[in-house]
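Novice: First the structure, then my questions, so here it is.
There are 2 protein chains.
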Amino acid sequence: MASSQHDIVASDRPRVVILGAGFAGLNAARKLAKKDVDVFIVDRNNYHLFQPLLYQVATAGLDPSDISMPVRAVLGKYKNTRVVMNEVRAVDRQNKKVILERGELPYDFLIVATGAETKYFGPDSWEKNSTPLKTVEDALELRRKILTSFEMAEQANDPDERSECLTFVIIGAGPTGVEMAGAIREIAAEVMRRDFRTIDPEDTRVVLIDAQPHVLPTYPEELSEKARKEVERRGVEVMVNSPVDDIGENTVTVGDETIRTHTVIWAAGVATGSVMNTLDTELDRMGRARIDANLTLPDDPHVFVVGDAANFTHDLDEALPGLAPVAIQMGKHAAKNILRRVRGDDYEPFKYFDKGQMSTIGRAAAVVDFGKIKAVGFFAWVLWLFVHLMYLVGFKNRVVVLIEWAYSYLAFKRGSRIIIGEPEHDHPEELAFPGVESAHQHSTAQ
Amino acid sequence: MASSQHDIVASDRPRVVILGAGFAGLNAARKLAKKDVDVFIVDRNNYHLFQPLLYQVATAGLDPSDISMPVRAVLGKYKNTRVVMNEVRAVDRQNKKVILERGELPYDFLIVATGAETKYFGPDSWEKNSTPLKTVEDALELRRKILTSFEMAEQANDPDERSECLTFVIIGAGPTGVEMAGAIREIAAEVMRRDFRTIDPEDTRVVLIDAQPHVLPTYPEELSEKARKEVERRGVEVMVNSPVDDIGENTVTVGDETIRTHTVIWAAGVATGSVMNTLDTELDRMGRARIDANLTLPDDPHVFVVGDAANFTHDLDEALPGLAPVAIQMGKHAAKNILRRVRGDDYEPFKYFDKGQMSTIGRAAAVVDFGKIKAVGFFAWVLWLFVHLMYLVGFKNRVVVLIEWAYSYLAFKRGSRIIIGEPEHDHPEELAFPGVESAHQHSTAQ
Numbered sequence: 001m002a003s004s005q006h007d008i009v010a011s012d013r014p015r016v017v018i019l020g021a022g023f024a025g026l027n028a029a030r031k032l033a034k035k036d037v038d039v040f041i042v043d044r045n046n047y048h049l050f051q052p053l054l055y056q057v058a059t060a061g062l063d064p065s066d067i068s069m070p071v072r073a074v075l076g077k078y079k080n081t082r083v084v085m086n087e088v089r090a091v092d093r094q095n096k097k098v099i100l101e102r103g104e105l106p107y108d109f110l111i112v113a114t115g116a117e118t119k120y121f122g123p124d125s126w127e128k129n130s131t132p133l134k135t136v137e138d139a140l141e142l143r144r145k146i147l148t149s150f151e152m153a154e155q156a157n158d159p160d161e162r163s164e165c166l167t168f169v170i171i172g173a174g175p176t177g178v179e180m181a182g183a184i185r186e187i188a189a190e191v192m193r194r195d196f197r198t199i200d201p202e203d204t205r206v207v208l209i210d211a212q213p214h215v216l217p218t219y220p221e222e223l224s225e226k227a228r229k230e231v232e233r234r235g236v237e238v239m240v241n242s243p244v245d246d247i248g249e250n251t252v253t254v255g256d257e258t259i260r261t262h263t264v265i266w267a268a269g270v271a272t273g274s275v276m277n278t279l280d281t282e283l284d285r286m287g288r289a290r291i292d293a294n295l296t297l298p299d300d301p302h303v304f305v306v307g308d309a310a311n312f313t314h315d316l317d318e319a320l321p322g323l324a325p326v327a328i329q330m331g332k333h334a335a336k337n338i339l340r341r342v343r344g345d346d347y348e349p350f351k352y353f354d355k356g357q358m359s360t361i362g363r364a365a366a367v368v369d370f371g372k373i374k375a376v377g378f379f380a381w382v383l384w385l386f387v388h389l390m391y392l393v394g395f396k397n398r399v400v401v402l403i404e405w406a407y408s409y410l411a412f413k414r415g416s417r418i419i420i421g422e423p424e425h426d427h428p429e430e431l432a433f434p435g436v437e438s439a440h441q442h443s444t445a446q
Numbered sequence: 001m002a003s004s005q006h007d008i009v010a011s012d013r014p015r016v017v018i019l020g021a022g023f024a025g026l027n028a029a030r031k032l033a034k035k036d037v038d039v040f041i042v043d044r045n046n047y048h049l050f051q052p053l054l055y056q057v058a059t060a061g062l063d064p065s066d067i068s069m070p071v072r073a074v075l076g077k078y079k080n081t082r083v084v085m086n087e088v089r090a091v092d093r094q095n096k097k098v099i100l101e102r103g104e105l106p107y108d109f110l111i112v113a114t115g116a117e118t119k120y121f122g123p124d125s126w127e128k129n130s131t132p133l134k135t136v137e138d139a140l141e142l143r144r145k146i147l148t149s150f151e152m153a154e155q156a157n158d159p160d161e162r163s164e165c166l167t168f169v170i171i172g173a174g175p176t177g178v179e180m181a182g183a184i185r186e187i188a189a190e191v192m193r194r195d196f197r198t199i200d201p202e203d204t205r206v207v208l209i210d211a212q213p214h215v216l217p218t219y220p221e222e223l224s225e226k227a228r229k230e231v232e233r234r235g236v237e238v239m240v241n242s243p244v245d246d247i248g249e250n251t252v253t254v255g256d257e258t259i260r261t262h263t264v265i266w267a268a269g270v271a272t273g274s275v276m277n278t279l280d281t282e283l284d285r286m287g288r289a290r291i292d293a294n295l296t297l298p299d300d301p302h303v304f305v306v307g308d309a310a311n312f313t314h315d316l317d318e319a320l321p322g323l324a325p326v327a328i329q330m331g332k333h334a335a336k337n338i339l340r341r342v343r344g345d346d347y348e349p350f351k352y353f354d355k356g357q358m359s360t361i362g363r364a365a366a367v368v369d370f371g372k373i374k375a376v377g378f379f380a381w382v383l384w385l386f387v388h389l390m391y392l393v394g395f396k397n398r399v400v401v402l403i404e405w406a407y408s409y410l411a412f413k414r415g416s417r418i419i420i421g422e423p424e425h426d427h428p429e430e431l432a433f434p435g436v437e438s439a440h441q442h443s444t445a446q
């Protein structure tokens with residue numbers, strides 16, 4: 001160990017520092033593995049997260065470890081790579097170094113792949129009164145809230161209190177919002193029915209709200225419409241063209257309608273983190289850096305920005321969307337350009353190969369847009385399942401993945417339906433057991 | 001649903017309220033299923049926890065859902081049973097009802113199976129400066145601390161700082177302490193070695209401290225001694241006859257020796273919770289209720305106390321130990337006694353059938369004491385694995401359990417080695433990268 005570490009530190013090979021171990025950063029690191037450069041990859045977490053399935057963790061279908069992979073487990077075997085669990089504070093381009101929470105890190109080439117985080121468009125109270133879904137902690141918090149709401153409903157005396165517990169409001173009808181809406185309906189309809197006594201989980205109300213006129217706005221309109229109908233068919237109330245006016249404690253207000261609920265899910269907005277501001281370069285409205293054709297900053301060929309942190313528009317009508325395939329291709333291309341430069345060659349411009357997009361809208365139903373192939377429903381879902389399974393393999397032993405999936409995703413894994421974390425106490429004290437005191441007079445003879 | 005709930009509430013069947021869904025409570029509930037009584041089982045969590053494997057969660061070998069089972073998943077199918085996720089505040093024996101955090105619950109028969117919780121024998125600072133291992137939250141917190149310590153060691157400049165990160169102190173050499181000590185050594189030696197650059201995880205120091213003269217004190221002395229030798233052979237420092245004088249921030253003091261460490265695990269003491277005091281009955285030093293031969297309170301034949309909450313000594317030299325088999329047998333017996341009484345028969349005294357005890361002392365090594373069969377080592381471990389596998393089956397699909405186990409317990413499941421929760425900031429700021437600044441002068445020509 002010691003020696004290989006020494007190699008890296010003392011080496012006069014060019015050093016590449018990668019910020020972020022998401023799809024973009026991890027794929028850049030892989031491309032640079034075993035090459036004639038030293039790689040430092042920095043992330044605040046020690047794992048790579050398979051974001052597209054995070055909603056499955058939030059709805060207790062999968063566990064965090066099913067969709068997370070320790071970065072060391074992926075890159076640990078490469079002697080020219082160092083994994084650094086640390087928080088990025090700032091980038092100092094003048095001195096070509098990165099300032100971390102603990103220590104700093106000089107670079108010859110920098111790949112900024114810090115991605116996006118949840119952004120609230122509204123007063124601070126909105127953040128307090130709703131839960132986002134961007135991190136593993138978010139997902140576990142959501143899982144706790146959703147499952148606890150059913151437990152509270154089971155014990156609720158007052159019918160209003162009960163329906164409040166059984167109402168789930170999702171703000172934002174992008175892929176995450178649509179997936180969450182479908183998944184919550186399914187837990188209620190197919191799982192909870194078996195287990196509860198006083199509530200009929202069919203009473204569960206799931207409301208999907210968006211200010212825009214269409215769900216899944218990145219899809220062609222006809223697909224969006226089909227997706228909306230499919231989601232509604234599954235019992236989700238879809239409110240489009242409905243900007244949210246307020247998120248209160250246990251309420252969501254849209255126009256003159258106020259919905260009472262215990263669970264508000266914020267799936268409406270993301271933006272880049274504060275590190276971007278230290279890059280001292282032009283950012284767009286979402287905080288993404290405008291990059292040139294080679295994926296570097298216009299005035300700094302040593303600094304690449306890729307994935308959700310980047311705004312790449314060249315000869316396109318709009319910036320590339322924040323999708324995994326985009327991030328993966330950008331990460332690999334940045335790495336290739338660095339290797340070119342190290343060899344003494346010139347950078348090559350990035351070309352995105354559009355593989356299309358897909359998202360689930362419920363169990364056994366998805367929407368896919370591969371350009372030529374457009375589909376909504378079961379066939380689309382089989383494609384979705386296949387693609388995501390292929391991605392996930394390597395996260396765990398292949399057999400385990402397949403069985404976990406067959407078992408947990410199709411047959412509903414029950415083990416994951418455990419509520420971890422501090423219980424909430426935001427529930428009225430009058431909660432009790434329906435009619436217990438009144439109906440229960442007798443006592444067995446002693 | 002509604003109807004079955006109504007049946008329960010309006011029924012004039014005797015009502016049995018069970019407090020706690022551990023081994024004792026869950027087995028009592030199972031015995032009462034489908035019988036001519038109404039059962040309410042109350043627990044602050046919505047799951048039953050397989051405590052014997054909690055240390056595996058703390059050491060990232062298994063996930064919480066591998067050893068937890070939603071109570072509803074076990075009892076949901078029984079129409080005469082209601083699962084109540086709620087916190088028990090007090091027992092009101094005069095009015096034969098239980099006071100819960102939300103609402104109250106009258107009973108005809110009460111089974112108190114609230115178990116034990118972590119107890120600190122020392123100043124409050126000890127609780128602040130160490131982590132117990134009794135709940136899922138404890139286990140995840142410990143996992144985070146252990147894995148983070150290795151990450152911090154990887155980045156430590158100062159050798160003292162590094163060895164502090166790599167030192168793990170376990171207070172209490174009972175089964176939990178011994179299992180933790182063995183498991184941490186293994187992570188370090190067999191797993192971490194592959195993944196780290198600047199540290200040699202072999203430098204990991206694991207110290208197991210106990211005030212008593214023997215590890216695993218519930219075992220015969222000769223077995224304890226063999227177990228200690230086996231643990232030491234695996235690189236654990238065992239300090240017996242060593243009462244802890246102080247637990248400071250990053251230090252543990254024993255006599256005139258002060259050990260610097262980032263991770264202190266408290267496995268020293270348990271006691272019953274505050275509910276026991278409301279029982280208005282005689283409790284022993286550990287807060288356990290002294291019960292009569294039928295497992296009921298001496299002055300109240302309607303209130304049973306079982307499992308870790310009970311002190312059962314009849315014709316024994318000492319109270320039955322807090323082991324799973326004891327709790328399971330007590331829970332079933334209490335249920336049987338209630339059914340006898342409901343039929344009009346008399347209670348029967350409890351007889352414990354001693355199946356012996358077993359615990360692991362490291363991968364592929366355990367100690368078993370079945371009376372006739374006494375063993376330490378691999379054979380004992382195979383027995384241990386078999387028994388625990390049989391218990392766990394039913395928690396998950398049998399195939400999944402077997403594969404997860406083969407994969408995670410033998411081949412080290414890497415996916416679980418993810419650090420969840422807020423990162424700690426109790427680490428010195430001077431942490432940085434060994435020699436980076438100094439050794440790294442050049443810059444690639446642009």
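Which chain is which? The protein sequence lines are G and E, in order. The first sequence begins at 1 in full-length UniProt numbering and counts up one residue at a time. The second sequence begins at 1 in full-length UniProt numbering and counts up one residue at a time. Where a beta carbon is used, it is the ideal one built from N, C-alpha and C, also for glycine.
(1) Counting only Cβ pairs nearer than 7 Å, list the residues of chain E close to residue 243/G.
(2) Any C-beta of chain G sitting closer than 8 Å to the C-beta of residue 51/E?
(3) Please name the residue, chosen from 116/G, 80/G, 122/G, that lies closest to residue 11/G on a Cα-to-Cα basis.
(4) Can you list, in chain order, the stretches of the alpha helix (DSSP H) that have 4 or more residues and sit fully within the region 111-188 of chain E?
(5) Residue 128/E and residue 223/E - do their beta-carbons sit closer together than 8 Å?
(6) Using the Cα positions of residue 153/E and residue 339/E, report the straight-line distance between them to the nearest angstrom.
(7) With the cut-off set at 8 Å, would you say residue 144/G and residue 328/G are in Cβ contact?
(8) Does the beta carbon of residue 88/G come closer than 8 Å to any beta carbon on chain E?
(9) CB-CB under 6 Å to residue 326/E, same chain, minus the five flanking residues each way: which ones, in chain order?
(10) Tell me which same chain residues have a C-beta within less than 7 Å of the C-beta of residue 246/E, skipping the five on either side of it?
(11) Check whether the Cβ of residue 179/E lies closer than 8 Å to any Cβ atom in chain G.
(12) Quick check for students: name the residue ranges of the beta strand (DSSP E) that lie wholly in the region 328-397 of chain E, counting only runs of 3 or more.
(13) Using a Cβ-Cβ distance cut-off of 8 Å, determine whether residue 103/G contacts chain E.
(14) Taking 8 Å as the CB-CB cut-off, is residue 47/G touching chain E?
(15) Which class does residue 229/E belong to by DSSP, given the choice of helix, strand or coil?
(16) Counting only runs that start and end within the region 230-291 of chain G, where is the beta strand (DSSP E) found for 3 or more residues in a row?
(17) Let me see if you follow: with CB-CB separation under 8 Å, is residue 282/E close to chain G or not?
(18) Closer than 8 Å, CB to CB, is residue 76/G near chain E or not?
(19) Using 10 angstroms around the beta-carbon of residue 16/G, count the other beta-carbons present and answer buried if the total reaches 16, otherwise exposed.
(20) According to DSSP, residue 40/E sits in a beta bridge with which residue or residues?
(21) Nearest chain E C-beta to residue 151/G closer than 8 Å, yes or no?
(22) Against residue 84/E, what residues of chain G qualify as contacts under a CB-to-CB distance less than 7 Å, listed in chain order?
(23) Below 8 Å CB to CB, which residues in the same chain sit around residue 237/G once its five sequence neighbours on both sides are set aside?
(24) Around the C-beta of residue 102/G, are 16 or more other C-beta atoms found within 10 angstroms, so that it is buried, or is it exposed?
(25) Might you give, ordered along the chain, the residues of its own chain that have their beta carbon closer than 6 Å to the beta carbon of residue 334/E, omitting 5 neighbours on each side?
(26) Got a sec? Which residues, its chain only, sit under 6 Å from residue 269/G by beta carbon, not counting five neighbours each side?
(27) Mind pulling the chain E residues with CB within less than 9 Å of residue 54/G?
(28) For residue 34/G, which of helix, strand or coil comes out of DSSP?
(29) With 8 Å as the threshold, decide whether the Cβ of residue 147/G is near any Cβ in chain E.
(30) Would DSSP call residue 222/E helix, strand or coil?
(31) Nearest to residue 51/E by CA position, among 39/E, 67/E, 44/E, is which residue?
(32) Identify which residue in 233/E, 297/E, 357/E has its Cα closest to the Cα of residue 311/E.
(33) What are the boundary residues of the alpha helix (DSSP H) that residue 73/E is part of?
(34) From residue 197/E to residue 38/G, what distance separates their C-alpha atoms?
(35) Report buried or exposed for residue 318/E, applying the criterion of at least 16 other Cβ atoms within 10 angstroms of its Cβ.
(36) DSSP three-state call for residue 423/G: helix, strand or coil?
Specialist: In terms of the structure at hand:
(1) Under the 7 Å cutoff, chain E gives no residues; its nearest Cβ is about 33 Å from residue 243/G.
(2) It does not: the Cβ of residue 51/E has no partner Cβ on chain G nearer than 8 Å.
(3) 80/G
(4) 124-129, 136-155, 159-165, 175-186
(5) no
(6) 58 Å
(7) In this structure, residue 328/G does not lie closer than 8 Å to residue 144/G by Cβ.
(8) no
(9) 320
(10) 253
(11) no
(12) With a minimum length of 3 residues, the continuous beta strand (DSSP E) runs that stay inside the region 328-397 of chain E are 357-362, 365-370, 373-377.
(13) yes
(14) It does: the Cβ of residue 47/G has a partner Cβ on chain E nearer than 8 Å.
(15) DSSP places residue 229/E in helix when its eight states are reduced to three.
(16) 236-239, 246-248, 251-254, 257-260, 263-266, 270-272
(17) So, not an interface residue.
(18) yes
(19) buried
(20) 17/E, 82/E
(21) Residue 151/G counts as touching chain E.
(22) 155
(23) 205, 206, 207, 208
(24) buried
(25) 28, 111, 295, 304, 306
(26) Within the same chain, residue 269/G has close Cβ partners 119, 121.
(27) The contacting residues do not exist; residue 54/G stays about 13 Å from chain E at best.
(28) Assigned with DSSP and collapsed to three states, residue 34/G falls in coil, not helix or strand.
(29) yes
(30) Helix, per DSSP.
(31) 67/E
(32) 297/E
(33) Run containing residue 73/E: 71-75, per the alpha helix (DSSP H) assignment.
(34) 13 Å
(35) Result: exposed.
(36) Low confidence applies here, because residue 423/G scores a pLDDT of 45, under 50, leaving its location unreliable and the question unanswered by this model.
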